[in-house]
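**Q** In this note's numbering, the protein residues as written are 69 to 218.
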């Protein structure tokens, strides 16, 4: 996956949590799984895929292996400094915060669509197939029209 695709996926995963903030002004435990998955993506971007501008093209994962024989005697200690660990934590937080802010702005700007979707879901519990495509297209068209006005 590309960096942009991973960032888009983060936004999708944070959507439910951010919708609670926008609509209710509070958050619940309901988005736990999505938040865990989003955190895993941010961690992988920084520690595995070298997708951090600050930390560069390095990986920070460790596969314990013996340097001489595969006897399982390798060290389980991380191979980077405490400062780097702090930088990793900072980068993961930055990525999550940026995704959160983008979703928050989108949902605040499209609150009418969010409320319309919530109403549909309260009535039917699910929206899928052609109905979902139609709803998505309406939102996309409105967003394009709003962007042209700005």
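Backbone N, C-alpha and C fix where the C-beta goes; we use that ideal spot for every residue, glycine too.
Note that the coordinates shown come from a computational prediction; the quantities given were computed from them, not determined experimentally.
Using beta-carbon positions only, say whether residue 90 and residue 175 come within less than 8 angstroms of one another.
**A** Contact: yes.
**Q** Starting from residue 149 and walking both ways along the alpha helix (DSSP H), at which residues does that stretch end?
**A** No alpha helix (DSSP H) contains residue 149, which DSSP labels as neither H nor E.
**Q** For residue 134, does the count of other Cβ atoms within 10 angstroms reach 16, so buried, or fall short, so exposed?
**A** Per-residue confidence for residue 134 stands at a pLDDT of 46, beneath the threshold of 50, marking its modelled position as unreliable; no derived number is given.
**Q** Residue 120 bridges to which residues according to DSSP?
**A** DSSP lists 124 as partners of residue 120.
**Q** For residue 179 and residue 88, what's the separation of their Cα atoms in angstroms?
**A** If you take the alpha carbons of residue 179 and residue 88, they lie about 12 angstroms apart.
**Q** Given a cut-off of 8 angstroms on the beta-carbon distance, is the pair residue 171 and residue 104 in contact?
**A** In this structure, residue 104 does not lie closer than 8 angstroms to residue 171 by Cβ.
**Q** On the three-state DSSP scale, how would you describe residue 93?
**A** Coil, per DSSP.
**Q** Nearest to residue 122 by CA position, among 94, 100, 157, is which residue?
**A** It is 157.
**Q** For residue 183, which residues from the same chain have a beta carbon less than 8 angstroms from its beta carbon, with the 5 sequence-adjacent residues on both sides left out?
**A** The answer, listed in chain order, is 91.
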